[in-house]
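Participant: Would you mind keeping the following structure in view while I ask a few things?
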Ligand code: 6PG
């Protein structure tokens, strides 16, 4: 099922495996088209459990269809732990696919979660990512594709409800001293303007525990009114949502 409105496209699949498979197919197509048109594919990935099947597919059946040589990989956020920790987003991505694909180390841009003070790690990553372009600037978007997830509280990347990071308008990366969700360790995150400076943004969301967050994000009648961090991600083109059937209950009003 595909639903469209001005701000979003929603694809619904029977389960997470089917959603991940469809997303992987489109991702390799998008990567090839980006390399054809711009000579590169700047991809941002997220942490969490939902994308692990997608990542495994990228190291499995889709491995040889990805233009790894021209792909630059970035992270939407990081937990401030060692890359060897089970809580590290980079560590999880490394174990689930990066160690098994032919991407050059120089094109792999992970956040330095182990560095202190964390503000310094944020500054270092901001220098890697580049400045958020001003609205209407001639320079194109920072990224070709951003892949995000959403938490039950509506957070995305490490942008948590009610936190100061949501008001950031200029910096591409900020340090987040307190996490709103487990693991409760400080975080580093791309900001809403940086994530919105992408040619395309795709969310992969599965499970009934995400229904309330999706309702609030979509502004579905009967959902909580508060705007979620996920709703702050507003690229020029419509955001695409890949949902499993359980999460898609959010689309039903009331
Ligand atoms: C993180 C993430 C985070 C994640 C959501 C969804 O570091 O935790 O980048 O924003 O995408 O929390 O996580 P799940 O897929 O595990 O539900």
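In our numbering, the protein residues as written are 116 to 369.
Every residue gets a Cβ at the ideal spot worked out from N, C-alpha and C, and that includes glycine.
Measure the C-alpha to C-alpha separation of residue 359 and residue 335 and round it to an integer number of angstroms.
Facilitator: As a working note, residue 359 is residue 244 in the chain shown. As a working note, residue 335 is residue 220 in the chain shown. About 18 Å.
Participant: Could you tell me whether any non-hydrogen atom of the ligand 6PG is closer than 8 Å to the CB of residue 163?
Facilitator: The sequence position of residue 163 within the chain shown is 48, counting from 1. The answer is yes for residue 163.
Participant: Count the C-beta pairs between the region 143-154 and the region 359-368 that are closer than 8 Å, then say yes if the count reaches three, no if not.
Facilitator: Output reads no: the region 359-368 does not touch the region 143-154.
Participant: According to DSSP, residue 343 sits in a beta bridge with which residue or residues?
Facilitator: As a working note, residue 343 is residue 228 in the chain shown. BP columns for residue 343 are empty, so no partner.
Participant: Under 8 Å Cβ to Cβ from residue 239, same chain only, skipping five residues before and after it: list those, please.
Facilitator: Position 124 of the chain shown holds residue 239. Around residue 239: 227, 230.
Participant: What residues are listed by DSSP as bridge partners for residue 313?
Facilitator: Indexing the chain shown from 1 puts residue 313 at position 198. In the DSSP output, where bridge partners are listed per residue, residue 313 has 258.
Participant: Measuring alpha carbon to alpha carbon, tell me which of 368, 132, 312 ends up nearest residue 252.
Facilitator: Position 137 of the chain shown, counting from 1, holds the residue named residue 252. Measuring from the Cα of residue 252, the nearest candidate turns out to be 312.
Participant: So what does residue 290 bridge to, in DSSP terms?
Facilitator: Within the chain shown, the letter at position 175 stands for residue 290. Paired residues: 303.
Participant: Can you tell me which of 196, 244, 156, 198 puts its alpha carbon nearest to the alpha carbon of residue 185?
Facilitator: For this step, residue 185 is matched to residue 70 along the chain shown. Among 196, 244, 156, 198, the Cα nearest to that of residue 185 belongs to 156.
Participant: Are the beta-carbon atoms of residue 309 and residue 331 separated by less than 9 Å?
Facilitator: The residue labelled residue 309 in the question sits at position 194 within the chain shown. The residue labelled residue 331 in the question sits at position 216 within the chain shown. Not a contact, by the Cβ cut-off of 9 Å.
Participant: Helix, strand or coil for residue 357? Go by DSSP, reduced to three states.
Facilitator: For the purposes of this step, residue 357 is taken as residue 242 along the chain shown, with counting starting at 1. Strand, per DSSP.
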